[in-house]
Structure formats: structure tokens, C-alpha cells
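Residue numbers (my numbering), protein chains in the order written: chain A, 2 to 117; chain B, 78 to 191.
Using N, Cα and C, we set each Cβ at its ideal position, and we do this for glycine too.
Encoded as C-alpha cells, the structure appears first; notes follow it.
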């Protein structure tokens, strides 16, 4: 079946502009996650959705970052007034069961964001 | 808080060499442990996992054993191939509000030459 997809695959923007990143999870997966991978760093957890609600937003780095999910499917991560330090690969993942420590998360290919 | 530390790369090996990538963790409770792999130009994918102490995860010739006494989950392969060249991430599951999330190490780049 189809895996997690993300769009765009690459995005170049100017400092101060807003960007929207999209994630289509695997159909039927309840949980959806956003992570960020900056150059030379590991993946940082940003936000997690259970269904359409986001119980944990603790990883969002600032109030310029927001995310929503509709129809227990597509999610959009929005970064307002982008800064150069926002440049990173943004990864989305989904899993069937959000409460299990044993659950595998399935990752999309990522969106590479470059802020000039 | 919970954390994962893995050896810095890059690791450069010849084909058929033995591979070890060290991973240690700090955690409260009983997390599951994972190795994810990112091949060039591809997304992250699960390589193997272990859900409790002394469990051994294995896949594609790779193995890792969940050692609670040493808080480690080292990745090993007896004979690497050129096709194993990739970035390897150690991770643990962590409790977040009403769910779980993964905490990752920084990744180790493996380069295998023929």
C-alpha cells in the first residue's frame, strides 16, 4: 500500500515569508508526528496528533510554528515569518497506535526547507 | 530527560568487514529501542527494534540486543556490503502527552567500499 507522502520535496523561501508543508499519512493510522532534522543533528520531535487533536505541542520551537490535521488524515505544518535557522528537513511519520511504546513509526521522505 | 547517544561517524569499512555502531540511552521507565536507517535519497525506515530487556532485534543480517544493565543497544553486522552504506539512527520511544514519540540519536554515517 501507499506509504507516507510529503510535499513539496524541496522548498526555498526568503527570510520572513510563510511556508506550508504537507503530510499525507498512511490510511487508517491514528497517530501523526512531525520531526525536524537540522544539518548534523538528530531528529527533533515537534508535534504529535492523535486523530485531529494535538495533545503534545511541546516540541514546537516557537510560536511561529503551528500545525493542524483534518479528517484524521492530512496534516499541514506552517512556519510563519521564516528565519534562516528554520532551514532543515521536516519529516512526517504515522503509526496505527499512538499509545504503544512498541509501535513502529513510518516516515515520509521529508521536505527539505532552505530559508535564504 | 530521556536521551540517546550514538557514536559519531563517519564509519568507513571495506566490504565483508565487521560493523559495530554503539548506542547508549538514558530513560526512565521501560522504553522500546529502535534502529532506523536512511539510504541515500530515501526516507527513514525501520531496521529493527526490541521492546524489552534482553530482547534481540534482527533484520537483513543486522542485530542489536537491548541491554538494560549497560543501557545500550549496539548495532552489529558480521559482514557489511556496499549496499549497507547509509545513515543509521538509534532511537527510543518516550512518553508524551497521551501518546509516545521517538527520541533519536544524531545518526552515524556508514560508508562501505568494495
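Cβ-Cβ distances below 8 Å link residue 98/A to 31, 32 and 104 in the same chain, with the five nearest sequence neighbours on each side left out; the list follows chain order. Put simply, the CB of residue 29/A is far from chain B, with every gap to its CB atoms at 8 Å or more. With a threshold of 8 Å between beta carbons, residue 97/A makes no contact with chain B. Residue-level contact check: residue 112/A does not touch chain B, since none of the beta carbons of chain B fall below 8 Å from its beta carbon. Less than 8 Å divides the Cβ of residue 77/A from the Cβ of residue 22/A. If only uninterrupted beta strand (DSSP E) runs of at least 3 residues are considered, those enclosed by the region 119-188 of chain B are 121-127, 133-136, 139-142, 152-154, 163-173 and 176-181. Between residue 177/B and residue 101/B a beta carbon distance of about 20 Å is seen, past the 8 Å cut, so the two are scored as non-contacting. Straight-line measurement puts the Cα of residue 182/B at about 10 Å from the Cα of residue 85/B.
Between the region 151-162 of chain B and the region 86-96 of chain B there are three or more inter-stretch CB-CB distances shorter than 8 Å, so the stretches are counted as touching. Taking C-beta separations shorter than 6 Å and ignoring five residues to either side along the sequence, the partners of residue 8/A in its chain run 23, following chain order. The C-alpha of residue 185/B lies about 31 Å from the C-alpha of residue 56/A. Boundaries of the beta strand (DSSP E) around residue 56/A: 54-57. Beta-bridge analysis with DSSP links residue 89/A to 114/A. Judged by DSSP in its simplified three-state form, residue 27/A adopts coil rather than helix or strand. For residue 80/B, the enclosing beta strand (DSSP E) has its first and last residue at 80-83.
In this model, residue 88/B and residue 42/A are separated by some 17 Å (Cα to Cα).
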